[in-house]
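See structure below.
Chains as they are written, first to last, in my numbering: chain A, 9 to 808; chain B, 9 to 808.
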């Protein structure tokens, strides 16, 4: 990146930029014609429906102008993260003044016509939303659902040395939990190898209809709050009671200068080893200005500026009410547009002095817009795969430990891969990564600490929100990563997943945005193995949330053993613009597939495991030639273990019953291909599941999800799904299965119930007896029994 | 409640209680026999699998003992909210010492046998989980998913004047977002009319495998953090480097005395008007003790006490390793059990001095255990219902405004109903409640503030977490309430909903817990009307999360107009132990049903709206006699409007087509009765939907949810569902419908496609033409067009 030089910028120019951005913000909310006020405003110039939010805009514009000054004077690359909701008009206005908007959206030219289009498209059908969004140049943070700006900022700063991420936090947003816990994000930052985050809390005092908390506490308390979160706050208050903006400019410019200088000295001190004992105290700015500053002060006798009434559209009746129309015109003219734009609508040349060059423009920085910085060097799996003897499948192994080794190698080869988790990397048995890197920690260290250091590429804090948000920020700025968490508690970030998926859905339609690395979830402490945690830890419903998003974006994988897990993980790190969810237990599990088989199985996403069943006449070239009596399908590691065991029971007791075993590793294969690109076509689906045989489907999650995915299939009426039916408690692995009708005996008995003519057969009673015996012993306390993989070894096996 | 008197308690007794609780905690983790160590420990005395968490227990026990002292000496009713995860052994130990456990679980007697059962049941199949749970007397907070203790505490304190809610916050939990934003809960508390919350941050320094943030920041920063959140912290540090516990007892007793006295003086000062200008500064305690204090210091040469290694089971190989067995015995004997329990295992009489009487025991308080304090006085609906002329249905009305009037009357009659929302009560048009009460606000007030006061029963902060958590705390302590929020953003609390539903699912099986008022969600800013907000605000997926919980607990209502909304709301306030979700838009909508019709419709939950269709031969007494050509079903206000309009189009264009219109207000009616108690039996379902006619179902949410609910129905293959298919942007109401194939024209064309023989008929082309015209004009910018209810007035109508 090229520095802009060191020319000092006059505050008059800063004020002119600010006025221009304010003018353009108001124009977006109100105007569809007459953008330069060449003639007096008329009702027809006004949009038929006034939507948008003025309140936060002047503050955002003020910060933008002042950051531009800092960049121009210092050449410090800076990213602007806009936290306040509905800051769209401001962010768009500044990117247009930057010139970036016209470069990226050529129809929105830098002239009168472009300005009119810019105004018209805002909050207009087919136009742009009223908050910063994927369509907004330079943005990595949607101003829709609030609370994630500061964690995005910290994620963006990681491994971007020299960068300043200026993050405007709205005082409404500051009330959210995710934002409240983000203040401490710097506890994971290294001043030398990472960038810096400069939080700018904008106190305009009000939300939609209420004051904000942080604006109403005593100022001393506010200062304590920042110090208590590890910052030294710089307070700038101004614009109240008609104060001249020029004095506010002077104070804010000073504060920003101090902040940039402190950041520079923290960097220098850190390089000199100053923070071996404790963390640096970072600067933060608290900017207190009136809500809707420079807008109409009093409307219809009621105070608007500086109150919650300035939140949206301060003058609501402009088309109908001539007085309001006149007030709007006076308001717009108060910015002196004739000084700001030339006769053709181009920004005046005076503003050039405040416009950073090229990529230094905050709206043009590749950090926010360009996507993946470098392709990953993915380690081959050979060195990590598990040996599986096709003659003796089902031996125990730990998928997570094996994956940990591969992840360590991935991180060794790639400096831009990070792992985030709420203190679960070790308990999820991924500890091998600590051979390569440590956990980052800027606070005090203790001699007994392990894998904790001033720099490291694992970040752990007990906040799923913070971990997800920092990973998002890291991905949105072109890097790669993984989050690992409890399956039940990943619901904590349902809404963050939703919003990130929506960002991806919208961003892939924005031509100038680069591809992003996928967001990968590894859920390894799952519903079936919460032996002592009990009911509160038992919930597989995240998958239900995930499958509702657009099919382009979401994938769900349920690898049944270590080699399939490795294949899946390598695959997901090789994808872009997606959310991949992988569910795989951390407990020892039977190993089924050789590395080659696993590669083929993951590639297919679904497959017949012929030798786990009983299909002597099965011919892979013509699957339809051999119709089994029953299909036993499974998805998920534990259901796979139970299904294979159930099929074995049936082979022993009812050797002439033709049982097909099907394993699903890519859940979206079940969906109709018109609904999901991974959906099997009907022919292939019917070849696997048949159109006649009953299908006993053992599923990791809620059974209804399988019905939801497969309801269009012609064999849907044959599907009998077992899964988690919200029965849980503190109990053994076997008992959990039993409570939810998913144990091997119950699956075998399901087959007997669904296949005509089996009920009275020899062998059936024995299965029922074993079931009763297992229940009794499980209830007694045979903890280990149900999970013992030896129990199901010794059977012939070949995958299909 | 009765005060216990004022006897002062010796710290020796406090120490004895603490040792007893520690002994019982260790016993629960390890022992299944020999509970009193009558003979040397043997391997067979040890549980076969060691599960549980020692690390947090001694701290929780310490606080419990000291709070007992405060209660006994002062008679102040106190509730103990236990935040740290896996504090189960401690909470259970203390409730057994209280005597409450044996009163509520008679099998767990206060003697040797009871103690053995107490030990054995812990983290054992069929036993109790390793954290505080619904089965734990005195608990209102599950220690499973962390972060909600302090918000539960604030909710419990509301309208409980004189109560102290002592809330132990773990330093792991303190890293979560929800907890981080809860510190400011006191900003909504009135010292006179509400109780007080005493946060006790327990810094034991470590999570599972990491240090905690708040334990590693400089102490001055920690003090600033508390002051910045409005507290004056009292710091108690002790137990390090072998410090004698008696000195820690002295310091902690002092701190608790100071805290109770400050709370008392804040109450007195508040009653005298001291806090008119600013909020009181509440006390908080910061207790820093070693993790696993009094446990094994060094195991196998590695430091355990005071490190993350004390988190779970400090001695892991007790059954196999004689040295570990000996260490366990020494550890247990270090508490001098012979001084604490008599030969029969009964707690020694010395401990009586520390046991509050009756309801003053924190484990026995009716506030936590007893359920609803008083039945609601539900206002009759007559005065609020909308007049609907059966001859001219479809006139516009605002359901939310009307509901607001009823809610206001509900709050007028019932002092224990509160409304919580993230600053949306006014924008959701429920402003009438401000005729009855204000928003509570303890911080500075401003002359221009509206409906903001030192006391009030509306609480608004921009944190769905805090609003949900305070409402949960309010409900869990026997009161009533409502939360209102954006439909898309209620996903923020998916996981809190989950955990609350799980609490209810478990609590209804605990015989001594009283009924709780249902948790009611009102989602009125929904997916179909986000005209300027765009894609980030468009998500109806909360319903998918909700329906996965146990059927006993969850209900979903989609009232199509104001009178059905009133009926639904009255009903949900009359239910217990449930989560009710109501989705109803805040925009003006057509009104369909008279009050009497609405009552009948909500009671049935689903019904044929005969006159909206075209069933001249329809006979309510024998529905099967009249089989329509097509069924047009709908659920949700906007889909109902479109379906009725589509049916009207068809009646005009194809007057001989027999169209049945079905409206679903209680979504669970669709589910199989074996899956949900509200599920229609198959006969009734088939009578409504027929087994032959195609069903065009217009649904508010994701279409797959209808398939998920109805997949067992014999007519399932006839179901063609339209709903939100994740297509959204900033656009008009009509265009949103069009993008998702849910507009009236598309629904009518769906009918034409599905009913054989209609394709070439006269009238069909006109519908297609209207569709194209509407699309064109919508795209142009006719904002108001699609939502104009006049558009569909003027048709004959009678509900079935």
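Cβ coordinates follow ideal geometry from the N, Cα and C atoms, glycine included.
Inter-residue Cα distance where the pair is residue 218(A) and residue 434(B)
10 Å
To the nearest angstrom, report how far apart residue 471(A) and residue 185(B) are at their CA atoms.
6 Å
Which stretch, first to last residue, makes up the beta strand (DSSP E) that contains residue 86(B)?
86-90
Please check the pair residue 710(A) and residue 731(A), which I expect to be a contact at CB under 8 Å, by giving their CB distance rounded to whole angstroms.
6 Å
Contact criterion: CB-CB distance below 7 Å. Does residue 185(B) meet it with respect to chain A?
yes
Do residue 166(B) and residue 202(B) have their C-beta atoms closer together than 7 Å?
yes
With a cut-off of 7 Å, does the C-beta of residue 503(A) fall near any C-beta of chain B?
Under the Cβ distance rule, residue 503(A) counts among the residues neighbouring chain B, one pair being separated by less than 7 Å.
Alpha carbon to alpha carbon, how far is residue 448(A) from residue 469(A)? Give it in angstroms, no decimals.
Distance between the alpha carbons of residue 469(A) and residue 448(A) is about 10 Å.
Beta-carbon within less than 7 Å of residue 654(B)'s beta-carbon, same chain only, minus the 5 sequence neighbours each way: which residues are those?
640, 752, 755 and 756
Beta-carbon within less than 6 Å of residue 760(A)'s beta-carbon, same chain only, minus the 5 sequence neighbours each way: which residues are those?
766 and 772
Contact set between residue 189(A) and chain B, taken where Cβ atoms lie within less than 7 Å:
183, 184, 185 and 188
Count the C-beta pairs between the segment 719-730 of chain A and the segment 678-694 of chain A that are closer than 8 Å, then say yes if the count reaches three, no if not.
yes
May I have the straight-line CA-CA distance separating residue 269(A) from residue 263(A), to the nearest angstrom?
Taking the straight line joining both Cα atoms gives about 10 Å.
Range of the contiguous beta strand (DSSP E) that encloses residue 245(B):
239-245
Length-filtered (3 minimum) beta strand (DSSP E) runs lying within the segment 186-270 of chain B
204-211 and 239-245
Does residue 33(A) have its Cβ less than 7 Å from a Cβ in chain B?
Residue contact check for residue 33(A) against chain B: no CB pair falls below 7 Å.
Quick one: grab the DSSP three-state call for residue 462(B).
coil
Nearest-angstrom Cα separation, counted from residue 567(B) out to residue 592(B)
6 Å
Neighbour-count burial assignment, residue 539(B), 16 or more Cβ in a 10 Å radius
buried
Could you tell me which residues DSSP puts in a beta bridge with residue 17(A)?
Looking at the DSSP assignment, residue 17(A) forms no beta bridge with any residue, so it has no partner.
Tell me which residues share the same chain as residue 521(A) and place their Cβ nearer than 7 Å to its Cβ, disregarding the 5 neighbours each side in the sequence.
142, 377, 379 and 515
Coil, strand or helix - residue 429(B) by DSSP
strand
Among the residues of its own chain, which have a CB less than 6 Å from the CB of residue 168(A), if the five just before and after it don't count?
203
Using three-state DSSP, classify residue 30(A) as helix, strand or coil.
helix
Tell whether a beta-carbon distance below 7 Å holds between residue 147(A) and residue 140(A).
yes
Cutting at 6 Å between CB atoms, please list the residues of its own chain near residue 11(A), excluding the five before and the five after it.
Low confidence applies here, because residue 11(A) scores a pLDDT of 39, under 50, leaving its location unreliable and the question unanswered by this model.
Beta-bridge pairing of residue 467(B) - partner residues as DSSP gives them
428(B)
With a cut-off of 7 Å, does the C-beta of residue 224(B) fall near any C-beta of chain A?
Put simply, the CB of residue 224(B) is near chain A, with a gap under 7 Å to one of its CB atoms.
Would you list the residues sitting across from residue 640(B) in a DSSP beta bridge?
669(B) and 704(B)
For the 8 Å Cβ check, are there 3 or more pairs between the segment 58-69 of chain B and the segment 311-324 of chain B?
yes
Rounded straight-line distance, which links the Cα of residue 155(A) to that of residue 339(A)
Roughly 32 Å separates the two Cα atoms.
Can you name the residues that DSSP bridges to residue 296(B)?
As computed with DSSP, residue 296(B) is found in a beta bridge with 211(B) and 245(B).
At a CB-CB cut-off below 8 Å, which residues of chain A make contact with residue 456(B)?
311 and 315
Does any residue of chain A bring its CB to less than 7 Å from the CB of residue 716(B)?
yes
Contact list for residue 136(B) against chain A, beta-carbon separation under 7 Å:
738
Contacts that residue 215(A) makes with chain B (C-beta to C-beta distance below 7 Å)
431 and 470
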